[in-house]
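Input: a single structure, listed below in structure tokens.
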Amino acid sequence: MELKDLIDTRGEWMRGEGPDADIVISSRIRLARNLAQFPFLTRADDSVRSEIERTLHRHVVDLSLGGQISYFDINQLEGIDRQFLVERQLISRELAESHGSRGVCFTRRENVSLMVNEEDHLRIQVLHCGFELDECWQEISRIDDLLEERVTYAFDEELGYLTACPTNVGTGIRVSVLMHLPALVLTKEIQKVFQALQKISLAVRGLFGEGSQAMGDFYQISNQITLGNSEEQLLRKIKDVVPNIISYERKVRQALIKESRQALHDKVSRAYGTLKSAQSISSEETMHLLSSVRMGVNLGLIDDLEIPTVNDLFMHTQPAHLQKMRKTSLDSADRNAARASYLRQRLALPQDRTDA
Amino acid sequence: MKCNRCSKMATHHITELVKSEPHEVHLCEECFANFMQQPGGSELTSGGGGGLIKTSSGLGESELEALEKLVCPTCKITYREFRSQGRLGCAHCYTAFRDELLPLLENIHGDTHHCGKFPKRAPDDSQKRYQLIKLRNDLRLAIAEESYEEAARLRDQIHGLEHGTSADAPSRDTAE
Numbered sequence: 001m002e003l004k005d006l007i008d009t010r011g012e013w014m015r016g017e018g019p020d021a022d023i024v025i026s027s028r029i030r031l032a033r034n035l036a037q038f039p040f041l042t043r044a045d046d047s048v049r050s051e052i053e054r055t056l057h058r059h060v061v062d063l064s065l066g067g068q069i070s071y072f073d074i075n076q077l078e079g080i081d082r083q084f085l086v087e088r089q090l091i092s093r094e095l096a097e098s099h100g101s102r103g104v105c106f107t108r109r110e111n112v113s114l115m116v117n118e119e120d121h122l123r124i125q126v127l128h129c130g131f132e133l134d135e136c137w138q139e140i141s142r143i144d145d146l147l148e149e150r151v152t153y154a155f156d157e158e159l160g161y162l163t164a165c166p167t168n169v170g171t172g173i174r175v176s177v178l179m180h181l182p183a184l185v186l187t188k189e190i191q192k193v194f195q196a197l198q199k200i201s202l203a204v205r206g207l208f209g210e211g212s213q214a215m216g217d218f219y220q221i222s223n224q225i226t227l228g229n230s231e232e233q234l235l236r237k238i239k240d241v242v243p244n245i246i247s248y249e250r251k252v253r254q255a256l257i258k259e260s261r262q263a264l265h266d267k268v269s270r271a272y273g274t275l276k277s278a279q280s281i282s283s284e285e286t287m288h289l290l291s292s293v294r295m296g297v298n299l300g301l302i303d304d305l306e307i308p309t310v311n312d313l314f315m316h317t318q319p320a321h322l323q324k325m326r327k328t329s330l331d332s333a334d335r336n337a338a339r340a341s342y343l344r345q346r347l348a349l350p351q352d353r354t355d356a
Numbered sequence: 357m358k359c360n361r362c363s364k365m366a367t368h369h370i371t372e373l374v375k376s377e378p379h380e381v382h383l384c385e386e387c388f389a390n391f392m393q394q395p396g397g398s399e400l401t402s403g404g405g406g407g408l409i410k411t412s413s414g415l416g417e418s419e420l421e422a423l424e425k426l427v428c429p430t431c432k433i434t435y436r437e438f439r440s441q442g443r444l445g446c447a448h449c450y451t452a453f454r455d456e457l458l459p460l461l462e463n464i465h466g467d468t469h470h471c472g473k474f475p476k477r478a479p480d481d482s483q484k485r486y487q488l489i490k491l492r493n494d495l496r497l498a499i500a501e502e503s504y505e506e507a508a509r510l511r512d513q514i515h516g517l518e519h520g521t522s523a524d525a526p527s528r529d530t531a532e
């Protein structure tokens, strides 16, 4: 498989289905693991890095991960392709931007990815659509077991799985749920959510994880601690709190509908109208407007658009996706025009579509 | 949690080393910005987990020398290097710097004992020790939740495992 083939497909986690998929976009678990016989990457020179990469490359492509898999040598990829994989949520920004031997293995369905030589030797990620953490855990734990039959992990009886950064030691797990919370943002109730989460030591991050801005009203809720709780306990903590946030968001949406239906309908329709007719539009504005449209579809204020289409638009209007679709590199102004053109085409009524 | 310098909500939680002792500082957005601009203040990475454990440069010469002398025999990273970059050099660092790391881990995680998954290939006695850690943690939680029947069951299991008599003892596959 080549990267360009992904342009026409959709990661399984973007189907817009699954439990509470109107608000929970995806559930994700990642595990940090290191090989016992090598130093961590901070103390690995080029030859050691390459050896780690070769070792893990050999093993990960041999695992039965469910369906077709691909392995990419990140060092050999062009910048645009690395950015494409970041937008796709298949690799982290850190892996895209670092240096030396490193790679990623992922399934065609895009629900499993294994990053080699990120901050740790190995980062395993499983991604599901909707609110499905137990299924993610079963799957990732199975993959972890399969790998452990082949390699020896750095492990300490008292401290658990040893990681380069002590903030990940123990379980090495990060459990996160990507939520779309436009009504809580609109009413500024979101601050209360942040404060409550902070008290129980859960972290809130933007769409692309650590250090990223919240775009399009998307927030990732995840565990901060990794030591002293079992994986199940950490999972339970997130599983207990997320339903409260879901019902809070739903309650505020219903209150908005009840008390200011007209204003909300107006906001949603204007967003939809702009996306359908703009001639030049930035990535930020697109995210912002698509967020309103997504809520509008979920509330029945827009009836000629499906959630999977909206999810596609979020993905395909990002810079690297646009350029891969156009098969050329575009500067910012050209991207804004290309984005607007793509949106007009995808959102045109069936009878208006020239490509139908 | 409130900011240590004003009454706003603290959004940044920093652990600084003062005379080799970790000290927690909790700051709001605004005070954090001021804190970062102070000469000789902490060098923290942006938002990363590593930021939690980076050290301040406000240490005396003797402390710095002491940190410099603390070296992991396996990968030769000094404790000072670790504190300035936030990443350890190898698995053995966790043993070499154990005394220094434990208070740090306590600070970050509120705990210093792993009680999650562990490699199936670990030796039998490790399996048992691990199982005991896990059971004791479950027991602590059961008591906190006032689930006394569960607590009693766990206590029996722990006792059984310690004396090698329990039917509930783990029988993990360690043939590999």
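Going down the list, the protein sequences come from chains S and G. Count the first sequence with this note's numbering and you get residues 1 to 356, in order. Count the second sequence with this note's numbering and you get residues 357 to 532, in order. Cβ atoms here follow ideal geometry from the backbone N, Cα and C, with glycine treated the same way. Since the model is a prediction, treat every value here as computed from it, not as a measurement.
Residue from the options whose Cα sits closest to the Cα of residue i
{"i": "K324(S)", "options": "Q195(S), D303(S), V293(S) and D81(S)", "result": "D81(S)"}
{"i": "Q83(S)", "options": "P319(S), G67(S) and Q254(S)", "result": "P319(S)"}
{"i": "R109(S)", "options": "T328(S), D266(S), G66(S) and E78(S)", "result": "G66(S)"}
{"i": "L95(S)", "options": "R294(S), H121(S) and D266(S)", "result": "H121(S)"}
{"i": "I225(S)", "options": "N244(S), I200(S) and L207(S)", "result": "I200(S)"}
{"i": "E232(S)", "options": "E501(G), K490(G) and A508(G)", "result": "K490(G)"}
{"i": "V116(S)", "options": "G79(S), L77(S), R49(S) and N168(S)", "result": "R49(S)"}
{"i": "L290(S)", "options": "L114(S), I91(S), V268(S) and V241(S)", "result": "V268(S)"}
{"i": "S92(S)", "options": "S27(S), F314(S), S113(S) and E53(S)", "result": "S113(S)"}
{"i": "R88(S)", "options": "D5(S), E259(S) and R54(S)", "result": "D5(S)"}
{"i": "G16(S)", "options": "A32(S), T317(S), H321(S) and T309(S)", "result": "T309(S)"}
{"i": "E51(S)", "options": "F38(S), L63(S) and D62(S)", "result": "F38(S)"}
{"i": "I534(G)", "options": "L299(S), I302(S) and G228(S)", "result": "Only positions 357 to 532 of chain G appear in this structure, which leaves residue 534(G) out of reach."}
{"i": "G216(S)", "options": "N311(S), L90(S), A36(S) and I29(S)", "result": "N311(S)"}
{"i": "L178(S)", "options": "I25(S), E189(S) and D266(S)", "result": "I25(S)"}
{"i": "G296(S)", "options": "S329(S), S280(S), R261(S) and I281(S)", "result": "R261(S)"}
{"i": "E157(S)", "options": "L461(G), D455(G) and K484(G)", "result": "K484(G)"}
{"i": "V61(S)", "options": "N34(S), R150(S), R270(S) and G79(S)", "result": "R150(S)"}
Supposed close pair residue i, residue j - CB separation, criterion 8 Å
{"i": "H470(G)", "j": "G11(S)", "result": "In fact, because the Cβ distance is near 33 Å, the residues do not count as touching under 8 Å."}
{"i": "S176(S)", "j": "I221(S)", "result": "6 Å"}
{"i": "V333(S)", "j": "V252(S)", "result": "Note on residue identity: the sequence assigns Ala, not Val, to residue 333(S). Rounded, the Cβ-Cβ distance is 37 Å, inconsistent with contact."}
{"i": "H57(S)", "j": "Y71(S)", "result": "6 Å"}
{"i": "L133(S)", "j": "S27(S)", "result": "5 Å"}
{"i": "Y450(G)", "j": "L159(S)", "result": "6 Å"}
{"i": "E148(S)", "j": "R477(G)", "result": "7 Å"}
Contacts of residue i in chain C (Cβ-Cβ under 7 Å)
{"i": "R443(G)", "result": "Note that chain C does not occur in the displayed structure, where the protein chains are S and G."}
Within-8 Å CB hit, residue i to chain G
{"i": "I302(S)", "result": "no"}
{"i": "D357(S)", "result": "Nothing can be reported for residue 357(S), as the shown portion of chain S is limited to 1 through 356."}
{"i": "D145(S)", "result": "yes"}
{"i": "Q220(S)", "result": "no"}
{"i": "S230(S)", "result": "yes"}
{"i": "D46(S)", "result": "no"}
{"i": "T384(S)", "result": "The structure shown has nothing for residue 384(S), since chain S only spans 1 to 356."}
{"i": "A154(S)", "result": "yes"}
{"i": "E97(S)", "result": "no"}
{"i": "E12(S)", "result": "no"}
{"i": "N298(S)", "result": "no"}
{"i": "I225(S)", "result": "yes"}
{"i": "I190(S)", "result": "no"}
{"i": "A32(S)", "result": "no"}
{"i": "G160(S)", "result": "yes"}
Chain S contact for residue i (CB, 8 Å cutoff)
{"i": "T411(G)", "result": "Confidence in T411(G) is poor, its pLDDT being 49 and thus under 50, which makes the residue's placement too unreliable to answer from."}
{"i": "D467(G)", "result": "yes"}
{"i": "C387(G)", "result": "no"}
{"i": "A447(G)", "result": "yes"}
{"i": "Y450(G)", "result": "yes"}
{"i": "H519(G)", "result": "no"}
{"i": "R361(G)", "result": "no"}
{"i": "H368(G)", "result": "no"}
{"i": "H477(G)", "result": "According to the sequence as given, residue 477(G) is Arg; it is not His. Yes, because at least one Cβ of chain S sits closer than 8 Å to the Cβ of R477(G)."}
{"i": "C471(G)", "result": "yes"}
{"i": "F391(G)", "result": "no"}
{"i": "K484(G)", "result": "no"}
{"i": "L464(G)", "result": "According to the sequence as given, residue 464(G) is Ile; it is not Leu. Chain S contact via Cβ: present."}
{"i": "C384(G)", "result": "no"}
Using a Cβ distance threshold of 8 Å, determine whether the segment 430-438 of chain G contacts the segment 38-50 of chain S, with at least three qualifying pairs required. yes
List, from N- to C-terminal side, the alpha helix (DSSP H) runs of 4 residues or more that fit wholly inside the segment 108-169 of chain S. 133-148
How about the segment 249-264 of chain S and the segment 490-497 of chain G: do they share at least three Cβ pairs that are nearer than 8 Å? no
Which whole runs of the alpha helix (DSSP H) in the segment 282-337 of chain S are 4 residues long or more, in chain order? 283-298, 307-316 and 319-326
Touching by the beta-carbon criterion (3+ pairs, under 8 Å), the segment 128-138 of chain S and the segment 18-28 of chain S: yes
Would you say the segment 443-452 of chain G touches the segment 154-165 of chain S, given that touching needs at least three Cβ pairs under 8 Å? yes
Give a yes or no on contact between the segment 86-106 of chain S and the segment 337-347 of chain S, applying the rule of three or more CB pairs nearer than 8 Å. no
Could you tell me which whole alpha helix (DSSP H) segments of length 4 or greater appear in the segment 161-249 of chain S? 182-186 and 190-199
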